[in-house]
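Chains A and S are the protein sequences, given in the same order. The numbering of the first sequence is the UniProt record's numbering, which starts it at 1 and goes up by one. The numbering of the second sequence is the UniProt record's numbering, which starts it at 1 and goes up by one. Beta carbons are placed, not taken as given, at the ideal position from N, Cα and C, and that holds for glycine. These numbers were taken from a predicted model, which means no experiment stands behind them. Following: one structure in structure tokens, then a few remarks.
Number of protein chains: 2
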Amino acid sequence: MPVTLQDVAAAAGVSQATAARALNNYGSVSAGAKERVLKAAADLGYETNHVAQALRSGNTRTVNFLPGNIGAPFFARIAHILSGTLEEAGYVLAVSSSYEQVERERSIIESMRARMSPGLIVAPAHRDLHEHLQRLQQRGTAVVAIDRSLAERGIDSITVDNYALGADAAAHLIALGHRTLGLIYDSDDIGSTPDRVRGAAEAIRAAGGTVVAIQAGTDLEMATTRICERLALSSSEPTALIPMDALMTEATIAAIRQLDLRIRTDLSLVAVDDHSLARLLDPPLTVMAQPVDQIGEDAARLMIQRLEGERTDEVVDLRHRAELIVRGSTALRN
Amino acid sequence: MPVTLQDVAAAAGVSQATAARALNNYGSVSAGAKERVLKAAADLGYETNHVAQALRSGNTRTVNFLPGNIGAPFFARIAHILSGTLEEAGYVLAVSSSYEQVERERSIIESMRARMSPGLIVAPAHRDLHEHLQRLQQRGTAVVAIDRSLAERGIDSITVDNYALGADAAAHLIALGHRTLGLIYDSDDIGSTPDRVRGAAEAIRAAGGTVVAIQAGTDLEMATTRICERLALSSSEPTALIPMDALMTEATIAAIRQLDLRIRTDLSLVAVDDHSLARLLDPPLTVMAQPVDQIGEDAARLMIQRLEGERTDEVVDLRHRAELIVRGSTALRN
DNA sequence: CTGTTAGCGCTTTCAT
DNA sequence: ATGAAAGCGCTAACAG
Chain A
1 MPVTLQDVAA AAGVSQATAA RALNNYGSVS AGAKERVLKA AADLGYETNH
51 VAQALRSGNT RTVNFLPGNI GAPFFARIAH ILSGTLEEAG YVLAVSSSYE
101 QVERERSIIE SMRARMSPGL IVAPAHRDLH EHLQRLQQRG TAVVAIDRSL
151 AERGIDSITV DNYALGADAA AHLIALGHRT LGLIYDSDDI GSTPDRVRGA
201 AEAIRAAGGT VVAIQAGTDL EMATTRICER LALSSSEPTA LIPMDALMTE
251 ATIAAIRQLD LRIRTDLSLV AVDDHSLARL LDPPLTVMAQ PVDQIGEDAA
301 RLMIQRLEGE RTDEVVDLRH RAELIVRGST ALRN
Chain S
1 MPVTLQDVAA AAGVSQATAA RALNNYGSVS AGAKERVLKA AADLGYETNH
51 VAQALRSGNT RTVNFLPGNI GAPFFARIAH ILSGTLEEAG YVLAVSSSYE
101 QVERERSIIE SMRARMSPGL IVAPAHRDLH EHLQRLQQRG TAVVAIDRSL
151 AERGIDSITV DNYALGADAA AHLIALGHRT LGLIYDSDDI GSTPDRVRGA
201 AEAIRAAGGT VVAIQAGTDL EMATTRICER LALSSSEPTA LIPMDALMTE
251 ATIAAIRQLD LRIRTDLSLV AVDDHSLARL LDPPLTVMAQ PVDQIGEDAA
301 RLMIQRLEGE RTDEVVDLRH RAELIVRGST ALRN
């Protein structure tokens, strides 16, 4: 039913080969032939069949995006940028959530291979389990990691410098006179938080301050309870807090409220990740904002360059700096 | 280089046809042959080539999702559900943002056709310009609309009842004794807001109340300014406000703060769309929560049924009810 | 500059 | 139950 290249060629009175050359302008075609082909294609309403093209040429022009959860704001915004940039270059973006499970990551990668996807942009589910990603790359798929660097493993990576993020957050508080800082994180070995914690802790110690580490777990309610306990019991009470991700920020604010303390007056707070509502909290949150759009843009561009063979140099390891946005939740220590 | 069906067939000492039958269990294959084929496939590490399969069978098992902006929380969460549910059924989800522009919607639909995608889940960019969607459906692609119903145009739709949403929000406020309600929205003819505004307005009038319509525009700052003006000048001051989407909520809260008024005490507020931070605002926001996951789940299931031919009945028009979650931003009129 | 010829890897009649 | 053969629609050598 659909119009094929063959139909166009017949209508234009040329061979399929010539029609293909005219349509995709490569090789050489006489002006006359080209014109007739283009006209025939337009008249018949011809549309390239990308599937046939892909099978024959071995290139599906589809890039996969595999974050932990495509529904999370950080990854969703990246997906938006990725799809826009890739589309301009003629690629399509396919997405899945890995749920931070290596097993799912693996199975999705298999299905990618079956679908001949030439590129994968992934937020690796695990720091150490990445042989499947390396193997994928060795077999010829372009792989770009975001959020967690795998550059040491030979995989292009676009991340934010989480160590610096932690250090910068701490430095801000230290500059305000705080000396005992509470670092609030879910668990010891998940995602980007360990680096953030290390960065903050070292900055605090270097300034002669005291680190109060609060490992609160990954569940909102439990985390709130734990933070409450620690805040209430602590003999060396922190005067400032750094919750290391969005969930911890929620738990921390909830805890502060339960204890009837006030942000800024009783406790300074630097959160991670900006958010439209962060500005509307009372007081508005001082945050470390990750350059989300930048990461998406870079990842897409790098991917395109790798796929087009415009770039064949060593593995790229871009670390962006998070930006401190000072608003109202941090104040001089009183 | 990659292992093909041919290799497997050869290794198992059968024809390609038999190998295919064994691998995809259809037709009839003797137990012995089947076993040998399966073993050969496993030994050689055979993986189906979906592209070839798609070209030959005409089914790519790829569903496209085309929201206004995949980076927006509402759509991102839906994407997450969609990809999970579709994957279980062996489909892949491809996404793009239409930027609410019909033109982009059209061009993406073309590229879908070229890629032989059998299904589209779309948040229509426009209420009236939808012939391209109808045409797509007529040509055999399964189309499901979300967020805005196109059921009258013959396209399956899963939406929330925005009229009821507006009415329910207003009813809550009316029950609290409010009589003059401010309805805050960006513009007259964008997305789901007109229905919400109508629903709220009619509920208010039916209760003998007064509607203060505040059309604030689509830009956050400008909207804030306009809301400030209207709130300050209005001779018949509203005692409660309903901002009709997330952006309007932000603008409204900013405006209230600028005017040094207090939510709940001076003005009651019902926002649309729940949000983890809504609970952390002071006071926590009373909201109309849309059943996001439900919509995603329904859209995916319906799409699968249509694609598998398990459902061939009339056009589906599912309207979910948004849920009122009462928190602290609404109070009895004083 | 253009046509012919082979397939890409798979499914699907149609015989056997 | 199985095999042979014919493509799906396109690209890419290779001739001419």
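Residue i burial status per 10 Å Cβ neighbour count (16 or more: buried)
i	result
Arg205 (chain S)	exposed
Ser187 (chain S)	exposed
Thr210 (chain S)	exposed
Ala26 (chain S)	Strictly speaking, residue 26 (chain S) in this sequence is Tyr, with Ala absent from that position. Counting Cβ neighbours within 10 Å, Tyr26 (chain S) comes out exposed, since fewer than 16 surround it.
Asp147 (chain S)	buried
Glu105 (chain S)	buried
Val315 (chain A)	exposed
Glu250 (chain A)	buried
Arg115 (chain A)	buried
Thr252 (chain A)	buried
Gln137 (chain S)	buried
Ser192 (chain S)	buried
residue 351 (chain A)	Since the displayed chain A opens at 1 and closes at 334, residue 351 (chain A) lies outside it and no answer follows.
Ala175 (chain A)	exposed
Interface residues of chain A facing residue i [CB-CB closer than 7 Å]
i	result
His275 (chain S)	Leu277
Glu87 (chain S)	Ser96
Arg306 (chain S)	None at all; the shortest Cβ gap to chain A is about 20 Å.
Pro291 (chain S)	Result: empty, since nearest Cβ-Cβ is about 15 Å, beyond 7 Å.
Ala54 (chain S)	Val51
Arg226 (chain S)	Within 7 Å Cβ-Cβ: nothing; Arg226 (chain S) doesn't reach chain A, min ~18 Å.
Beta-carbon spacing of residue i, residue j below 8 Å
i	j	result
Tyr99 (chain A)	Asn69 (chain A)	yes
Val95 (chain S)	Val95 (chain A)	yes
Leu318 (chain S)	Asp298 (chain S)	yes
Ala223 (chain S)	Leu55 (chain A)	no
Ala200 (chain A)	Ala167 (chain A)	yes
Leu181 (chain A)	Ala240 (chain A)	yes
Ala79 (chain S)	Gly71 (chain A)	yes
Val37 (chain A)	Val8 (chain A)	yes
Arg264 (chain S)	Gly328 (chain S)	yes
Leu93 (chain S)	Leu82 (chain S)	yes
Ser117 (chain S)	Thr159 (chain S)	no
Thr330 (chain A)	Ser236 (chain A)	no
Leu281 (chain S)	Leu261 (chain A)	no
Ala300 (chain A)	Leu86 (chain A)	yes
Neighbouring residues, chain S, relative to residue i (Cβ below 7 Å)
i	result
Asn69 (chain A)	His80
Ile253 (chain A)	Leu280
Thr60 (chain A)	Val51
Arg77 (chain A)	Gly71
Euclidean distance between Cα positions of residue i and residue j
i	j	result
Ile121 (chain S)	Arg77 (chain S)	14 Å
Cys228 (chain S)	Ala170 (chain A)	37 Å
Gly119 (chain S)	Ala11 (chain S)	37 Å
Asp161 (chain A)	Glu152 (chain A)	15 Å
Ala22 (chain A)	Gly32 (chain A)	10 Å
Gln258 (chain S)	Ala289 (chain S)	27 Å
Leu307 (chain S)	Val144 (chain S)	11 Å
Ile304 (chain S)	Lys34 (chain A)	42 Å
Thr60 (chain A)	Asp156 (chain S)	30 Å
His172 (chain S)	Leu183 (chain S)	14 Å
residue 335 (chain S)	Ala164 (chain S)	It is not possible to answer for residue 335 (chain S), since the shown part of chain S is limited to 1 through 334.
Glu323 (chain S)	Leu5 (chain S)	53 Å
Pro291 (chain A)	Thr218 (chain S)	24 Å
Val197 (chain S)	Tyr185 (chain S)	8 Å
Leu220 (chain S)	Met248 (chain S)	8 Å
Arg179 (chain S)	Gly208 (chain S)	8 Å
Thr312 (chain S)	Leu44 (chain S)	41 Å
Arg230 (chain S)	Gln215 (chain S)	10 Å
Glu47 (chain A)	Ser57 (chain A)	17 Å
Contacts of residue i in chain S (Cβ-Cβ under 9 Å)
i	result
Gly84 (chain A)	Ser96, Ser97 and Tyr99
Glu250 (chain A)	Ser276, Leu277, Arg279 and Leu280
Glu110 (chain A)	Glu47
Chain S residues whose Cβ lies nearer than 8 Å to that of residue i
i	result
Met116 (chain A)	Asn49, His50 and Val51
Amino acids of chain A, ordered along the chain, whose beta-carbon sits closer than 8 Å to that of residue i
i	result
Arg264 (chain S)	Ordered by position in chain A, no residue passes the 8 Å Cβ test against Arg264 (chain S), which lies about 13 Å from the chain.
Leu93 (chain S)	Ala94, Val95 and Ser96
Residue i: CB within 7 Å of a non-hydrogen atom of the ligand GTP
i	result
Leu129 (chain A)	Absent from the structure shown: the ligand GTP. Ligands present: none.
So, do the region 262-272 of chain A and the region 110-117 of chain A have three or more beta carbon pairs nearer to each other than 8 Å?
Counting Cβ pairs under 8 Å, fewer than three are found: no touch.
Do the region 277-286 of chain S and the region 124-140 of chain S touch if we need at least three Cβ pairs shorter than 8 Å?
Touching, no, given that fewer than three Cβ pairs across the two stretches are closer than 8 Å.
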